[in-house]
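S.K.:
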Amino acid sequence: MQLTPKQIEVFRCFAKENPKILICSGAKRSGKTFILDYVFLSHIAKFEGKGLSFILGGSTQASIRRNVLDDLEKILGKELKLDKTNAIEIFGNKIYCFDGANADAWKKVRGFTAAGAFLNEATALHDTFVKEVISRCSYPGARIIMDTNPENPMHTVKVDYIDKTGQRLEDGQLNIKAFNFTLDDNVFLSCEYIESIKLSTPSGMFYDRDILGQWVSGEGVVYKDFNQNKHFIRRCDIPTKEITSYFCGVDWGYEHYGSIVLIGEASGTYYLIKEIAKQHQEIDFWVEEALKIKKDYGSIPFYCDSARPEHVRRFKREGLWAINADKAVLSGIEVVAKLFKQDKFYIVEDVKRFKEEIFMYVWNEHSGEPVKLWDDVLDSIRYAIYSKSKGSNFKFK
Ligand SMILES: Nc1ncnc2c1ncn2[C@@H]1O[C@H](COP(=O)(O)OP(=O)(O)O)[C@@H](O)[C@H]1O
Ligand SMILES: [Mg+2]
Numbered sequence: 000m001q002l003t004p005k006q007i008e009v010f011r012c013f014a015k016e017n018p019k020i021l022i023c024s025g026a027k028r029s030g031k032t033f034i035l036d037y038v039f040l041s042h043i044a045k046f047e048g049k050g051l052s053f054i055l056g057g058s059t060q061a062s063i064r065r066n067v068l069d070d071l072e073k074i075l076g077k078e079l080k081l082d083k084t085n086a087i088e089i090f091g092n093k094i095y096c097f098d099g100a101n102a103d104a105w106k107k108v109r110g111f112t113a114a115g116a117f118l119n120e121a122t123a124l125h126d127t128f129v130k131e132v133i134s135r136c137s138y139p140g141a142r143i144i145m146d147t148n149p150e151n152p153m154h155t156v157k158v159d160y161i162d163k164t165g166q167r168l169e170d171g172q173l174n175i176k177a178f179n180f181t182l183d184d185n186v187f188l189s190c191e192y193i194e195s196i197k198l199s200t201p202s203g204m205f206y207d208r209d210i211l212g213q214w215v216s217g218e219g220v221v222y223k224d225f226n227q228n229k230h231f232i233r234r235c236d237i238p239t240k241e242i243t244s245y246f247c248g249v250d251w252g253y254e255h256y257g258s259i260v261l262i263g264e265a266s267g268t269y270y271l272i273k274e275i276a277k278q279h280q281e282i283d284f285w286v287e288e289a290l291k292i293k294k295d296y297g298s299i300p301f302y303c304d305s306a307r308p309e310h311v312r313r314f315k316r317e318g319l320w321a322i323n324a325d326k327a328v329l330s331g332i333e334v335v336a337k338l339f340k341q342d343k344f345y346i347v348e349d350v351k352r353f354k355e356e357i358f359m360y361v362w363n364e365h366s367g368e369p370v371k372l373w374d375d376v377l378d379s380i381r382y383a384i385y386s387k388s389k390g391s392n393f394k395f396k
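All residue numbers for the sequence shown refer to numbering that gives the first Met the number 0, where the first residue is 0 and numbers rise by one.
(1) Less than 7 Å separating the beta-carbons of L182 and S29?
(2) Once DSSP output is grouped into helix, strand and coil, what is the label at I237?
(3) Cβ of L2 versus every heavy atom of ligand 1: is any distance shorter than 6 Å?
(4) So, do the stretch 109 to 129 and the stretch 55 to 69 have three or more beta carbon pairs nearer to each other than 8 Å?
(5) What I want to know is whether the C-beta of T32 ends up closer than 6 Å to one or more non-hydrogen atoms of ligand 2.
(6) What residue range does the alpha helix (DSSP H) around V286 cover?
(7) Leaving out five residues before and five after N363 in sequence, what residues of the same chain have Cβ atoms less than 7 Å from its Cβ?
(8) Helix, strand or coil for D378, going by three-state DSSP, please let me know.
(9) Pop quiz: I262 and A336 are said to be a contact at Cβ under 8 Å. What is the actual Cβ separation, rounded to whole angstroms?
(10) Once the 5 residues before and after T243 are set aside, which same chain residues still bring their CB inside 7 Å of it?
(11) Look up A383 in the DSSP assignment and say whether it is helix, strand or coil.
(12) Say the cut is 6 Å; is the CB of K27 nearer than that to a heavy atom of ligand 1?
(13) In chain order, what residues of the same chain lie with their CB nearer than 7 Å to the CB of D349, ignoring the 5 residues before and after it?
(14) Tell me the rounded alpha-carbon separation between T32 and N66.
(15) Where do the ends of the alpha helix (DSSP H) carrying E37 lie?
(16) Mind checking whether the beta-carbon of F187 lies closer than 6 Å to any heavy atom of ligand 1?
(17) For A289, count the other beta carbons within 10 Å of its own beta carbon; 16 or more makes it buried, fewer makes it exposed. Which is it?
(18) Among all the DSSP beta bridges, which residues are the ones paired with V220?
(19) Any beta carbon from chain B within less than 7 Å of N323's own beta carbon?
(20) Report the residue ranges of all alpha helix (DSSP H) runs contained in full by the stretch 73 to 152; include only those spanning at least 4 residues, in chain order.
(21) Would you give the residue range spanned by the alpha helix (DSSP H) that Y256 belongs to?
(22) Check whether the stretch 159 to 172 and the stretch 184 to 200 touch, using three or more Cβ-Cβ pairs below 8 Å as the test.
(23) Sorted by chain position, which residues of the same chain lie with C-beta nearer than 8 Å to C338's C-beta, five sequence neighbours on each side aside?
(24) Please report the Cβ distance between D223 and S202, rounded to the nearest whole angstrom; I am assuming they are in contact, meaning their Cβ atoms lie under 8 Å.
(25) Please state whether DSSP places F395 in a helix, a strand or coil.
(26) If E150 and W214 are in contact, beta carbons under 8 Å, what's the gap, nearest whole angstrom?
(27) When the Cα atoms are used, what is the spatial distance from D170 to D159?
(28) Using three-state DSSP, classify V186 as helix, strand or coil.
(29) Which partner residues of A327 appear in the DSSP bridge assignment?
(30) Between K93, I94, Y245, S134, which has its C-alpha nearest W105's C-alpha?
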């Protein structure tokens with residue numbers, strides 16, 4: 000087995016300084032889980048045949064299987080089957096698997112005495128679960144290891160553990176040690192793969208987190224890669240003949256702008272063809288506009304804000320193909336932002352509201368989400384593109 004220089008650093012630290020809490024935080028696919036699999040096994044091996052309990056925590060049982068157990072099986076060369084108590088046996092000890100995403104997850108580990116724990120993707124776990132697991136690791140010599148992708152810098156995993164790296168107990172024992180991983184640290188990924196990931200990752204927060212592994216919140220405008228000199232397109236330059244599918248996004252609004260956008264797709268490139276954005280309009284207005292689009296473009300999907308189910312039902316009654324949009328904010332923004340970064344999303348230049356919003360839509364540095372202003376057309380775009388991206392025919396890396 001070969002390790003990356005960063006992984007060697009982590010393993011040396013575990014072997015020599017042996018911190019009570021060891022954290023690998025950083026970029027996706029940078030090699031964090033891989034090294035902690037070995038660290039976890041080495042730790043369990045120290046207690047070989049003792050029949051002790053260990054905790055393996057992840058957000059769901061499925062993610063534990065996918066992220067950790069499958070790789071442990073490869074390393075150990077044997078199948079790891081969960082028994083009735085969701086436990087597996089390794090080196091004569093029991094490893095209990097717990098899903099820790101929910102607020103009451105901590106109750107499952109109550110009363111446990113563990114000789115060690117591996118928490119996979121720690122920010123996906125509930126804070127009380129993380130803290131309960133750590134306090135359950137009371138057997139002499141118990142160790143806790145965690146891996147995580149970065150999130151908001153105020154996240155408890157960062158503030159309570161990572162920021163305390165280097166902390167020692169009174170007897171000099173290293174208590175917490177955190178390592179930061181960047182994508183470049185994984186020297187086993189091909190240069191081509193790394194380059195393509197870098198080229199498609201949106202600038203700003205997404206790049207800083209996913210590539211550099213930094214705990215940053217968003218700042219400034221959300222769509223940093225939108226370039227008005229490149230991404231506005233004249234109506235006559237839209238390759239209408241090449242467009243193979245059309246779809247719409249709908250954001251309901253009254254005081255705020257309501258918005259319907261029409262988007263066309265040609266071989267993985269997207270064109271915003273029509274923007275309807277209006278204040279103080281009743282549902283009848285939106286139905287009429289949507290029916291006009293249906294008349295011109297056929298029965299195409301309208302991905303709608305699900306916050307007004309009565310409006311979605313009304314669309315359906317009118318014979319419109321209305322679908323509740325997937326409204327996951329960060330994931331949706333990331334998909335739209337990637338399209339701008341890769342020059343795969345063009346906006347017809349006669350839009351009005353979009354032109355205002357795109358430069359006014361900014362991150363709230365404290366919440367880690369965008370400020371809920373100047374977001375009406377941009378939300379309908381996000382609903383459309385992100386919901387569409389979850390369909391199998393979305394041509395987009
Ligand atoms: N030392 C290594 N040798 C071979 N492959 C590795 C090594 N470290 C990581 N990998 C591979 O790189 C990919 C990403 O590693 P992983 O540990 O899952 O990243 P992360 O947990 O940071 O997302 C995986 O396919 C993993 O098997
Ligand atoms: Mg991982």
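Where is the CB? At the ideal position from N, CA and C, for every residue including glycine. Every value quoted in this text rests on a predicted model; they were computed, and no experiment measured them.
M.R.: So, from the data block:
(1) yes
(2) In the structure shown, I237 adopts coil according to DSSP, grouped into three states.
(3) yes
(4) yes
(5) yes
(6) 282 to 296
(7) P369, V370
(8) helix
(9) Their Cβ separation, rounded to whole angstroms, is 16 Å, which puts I262 and A336 out of contact at 8 Å.
(10) E264, A265
(11) helix
(12) yes
(13) Only R234 meet the Cβ criterion.
(14) 8 Å
(15) Before going further, note that residue 37 is Tyr rather than Glu in the sequence given. Per DSSP, Y37 belongs to the alpha helix (DSSP H) from 31 to 44.
(16) yes
(17) buried
(18) V361
(19) Of the chains in the structure shown, none is chain B; there is only one protein chain.
(20) 105 to 108, 126 to 135
(21) Note, Y256: premise wrong, no alpha helix (DSSP H); not H, not E.
(22) no
(23) Per the sequence shown, residue 338 should be read as Leu rather than Cys. Once the five neighbours on either side are set aside, the close Cβ partners of L338 are Y269, F344, I384, F395.
(24) The sequence shown places Lys at residue 223, rather than the Asp named in the question. Sure, about 4 Å apart at Cβ, within 8 Å.
(25) Low local confidence applies: a pLDDT of 47 at F395 is under 50, so the model's placement there is unreliable, with the coordinate-based value given in what follows. In this structure, F395 counts as coil in the three-state DSSP scheme.
(26) 7 Å
(27) One C-alpha to the other measures close to 21 Å.
(28) Under the three-state reduction of DSSP, V186 is assigned to coil, being neither helix nor strand.
(29) According to DSSP, which records beta bridges pairwise, A327 is partnered with nothing at all.
(30) S134
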